[in-house]
Amino acid sequence: MNRGGDVEKQRFTKSGKNSPGALAPGEKRYDVYDDEAGPGGVRGLVVTVHPSGVRTWYVIRKIRGQVERVKVGRVEDFDPEKARKRAAKINATVAEGRSPAAEKRAIRSEMTLGALWAAFKLRHGPKKRSLPTDERRWRKHLEHWQARKLSSITRTDVIRLLDTITRASGPGAANRTRALLHTLFEKAREWGAEVPNPAAGTPRNRETSKERYLSAEELRHFLGAVEAEHDEDARDFLRLLLFTGVRRGTLCSARWEDFALGDALWRIPAEAMKAGRPLELPLAPAVVAILRERQDRAEGSQFVFPGRSSGHTAGPGAAWARVLETAEITTPTTMHDLRRTYATLALEAGVAMPTIARTLGHTMPGGVTAIYARVAPAQVRAGVETAVNHILAVAKGGGEVLPFTTPGTAAKA
């Protein structure tokens, strides 16, 4: 062995003076190779002996025309068998055309979750209304990951974290933390980070939604997001859903022949109603305005909301998600919750319960049925208009009714 001179291709042995732990230092660094032809030998594996006496395992391979030294670890931390196993994995990476050294350098320079959070706050914080809530969620559930590289956070890690949060803080907290983490990784990808989103596809917790309706603040944000939505059909659909209180399926299958816009009336057939009974639903002026605008744009379809190929629409699924994101509504919310919102605000505005029930096509329980049956059409119409006016007033944030505008028209002062 020519220690300190030209490097010779020496082979290390399991024992004796050429065993990895016994190799003596020289004046210069030198390498001692594994015996590739011997039992268990691995291509490119060497022990590098430094003049200081430090002995380190490396894999030396030519990758993309360049000789690279990929560190395995110190000799005292890896016996030959463990070093060979690690070296075999490195060689498998090389066989895929990847550079382990370049990947390690990328990880060292890669953004951490804490740095991503700081960048997110800097870019979006000033205009994000929910930032104080997000900051509390970050401190409580995600801050302990702040030093982790983005690529080190796996889907399994996220699922375990969400399970922990569910047990400690409930399913809602886990769902909102999942949403925040998903947003952060999507922003990182948007900004050029080549990492998968580990929150994508992770299961959401089920949350009871039977009492869910939009708060006044959520309603304001929701209607603002609806107005900003670029999909005209989705914009009309969601406003009509909120202003009529009908079920999603009823609106999807609505036909022009069932409307008498001159009388501001929608005669909903029995087959479109969950209860199997027809319903005559008076329409508020805001609803008539939307429908007249759609009728002017109609292209011969029998349906108010035709499907892309044939039949009627199934509803604005993708647009619904966009609207909730724009409105920054993170609590799980369904389109059916708009029906509850209509009923809640109608009641808040002083509309009698039998009138609301008749508007929604509900059957009143027990002895209330007789009262329900006697609700006059004029009462139902007054109740509908009161409810919609109150929704618009709440959305405006005051006691006045919002001036209603249709696309392409300006509100009159």
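So for the sequence shown, our numbering puts the first residue at 2; every next one is plus one.
Even for Gly, the Cβ is constructed at its ideal location relative to N, Cα and C.
Given the structure is predicted, the values throughout are model-derived calculations rather than measurements.
### Task
Identify, in the order they occur along the chain, each residue of the same chain with its Cβ nearer than 7 Å to the Cβ of arginine 177, setting aside the five sequence neighbours on each side.
Arg138, Thr331
### Task
Measure the CB-CB distance between alanine 328 and phenylalanine 223 and report whether it falls below 8 Å.
Yes, these two residues count as a Cβ contact at 8 Å.
### Task
Quick one: measure Cβ to Cβ for threonine 203 and arginine 179, integer angstroms, because I've assumed they're closer than 8 Å.
6 Å
### Task
Below 8 Å CB to CB, which residues in the same chain sit around lysine 63 once its five sequence neighbours on both sides are set aside?
Same-chain partners within the cutoff: Glu69.
### Message
Let me check understanding here. Comparing Cα to Cα, which of Val47, Gly98, Leu143, Asp135 lies closest to arginine 75?
### Response
Val47
#### Entry: Assigned secondary structure, glutamate 300 (DSSP; H/G/I helix, E/B strand, else coil)
Reduced to three states, the DSSP call for glutamate 300 is coil.
### Task
Under 8 Å by Cβ, that's how I've got threonine 360 and glycine 246 pegged, so tell me the actual separation to the nearest angstrom.
6 Å
### Query
How many Å lie between glycine 351 and histidine 313 at the Cα?
Rounded to whole angstroms, glycine 351 to histidine 313 spans 36 Å at the Cα level.
### Task
Report back the beta-carbon spacing between arginine 341 and arginine 213 to the nearest angstrom; my notes put them in contact at under 8 Å.
6 Å
#### Entry: Cβ neighbour criterion (16 or more within 10 Å) applied to glycine 362
buried
### Message
Per the DSSP calculation, valine 260 is bridged to which residue(s)?
### Response
Looking at the sequence provided, one finds phenylalanine at residue 260 rather than valine. DSSP, once it has assigned bridges, lists Trp267 as partnering phenylalanine 260.
### Query
So the alpha helix (DSSP H) threonine 167 belongs to, where does it begin and stop?
156–170
### Task
Indicate the three-state DSSP secondary structure (helix, strand or coil) for valine 389 in the structure shown.
helix
### Status (buried if at least 16 other CB within 10 Å, exposed otherwise) for alanine 388
Alanine 388 is buried by the Cβ-count criterion.
### Query
Going by Cα to Cα distance, which pick from Lys86, Ile61, Thr167 is closest to arginine 205?
Thr167
### valine 43 versus Thr49, Leu280, Asn92, residue with shortest Cα-Cα distance
Cα-wise, what sits closest to valine 43 is Asn92.
### 8 Å Cβ cutoff met for leucine 241 and valine 288
yes
### Message
Judging by CA-CA distance, which residue of Ala194, Lys188, Asp135, Arg207 is the nearest neighbour of aspartate 164?
### Response
Arg207
#### Entry: Three-state class that DSSP yields for histidine 1 in the structure shown
Since the first residue shown for the chain is 2 and the last is 414, residue 1 is missing from the structure and cannot be characterised.
#### Entry: Burial state of glutamate 218 (16 or more Cβ within 10 Å)
exposed
### Query
Between the C-alpha atoms of arginine 85 and proline 21, what's the straight-line distance to the nearest angstrom?
Computed Cα separation, rounded: 13 Å.
### Query
Around the C-beta of aspartate 338, are 16 or more other C-beta atoms found within 10 angstroms, so that it is buried, or is it exposed?
Residue burial is scored here from C-beta neighbours: aspartate 338 has at least 16 other C-beta atoms within 10 angstroms and is therefore classed as buried.
### Query
Per DSSP, glutamine 67 is paired with what?
According to DSSP, which records beta bridges pairwise, glutamine 67 is partnered with Ile64.
### Query
Could you give the residue range of the beta strand (DSSP E) that holds glutamate 281?
280–283
### Query
Since lysine 150 sits in a beta bridge, which residues does DSSP pair it with?
Paired residue(s): Thr113.
### Message
If you measure between the beta carbons of valine 71 and alanine 102, is that distance less than 8 Å?
### Response
yes
### Secondary structure of leucine 215, DSSP reduced to three states
coil
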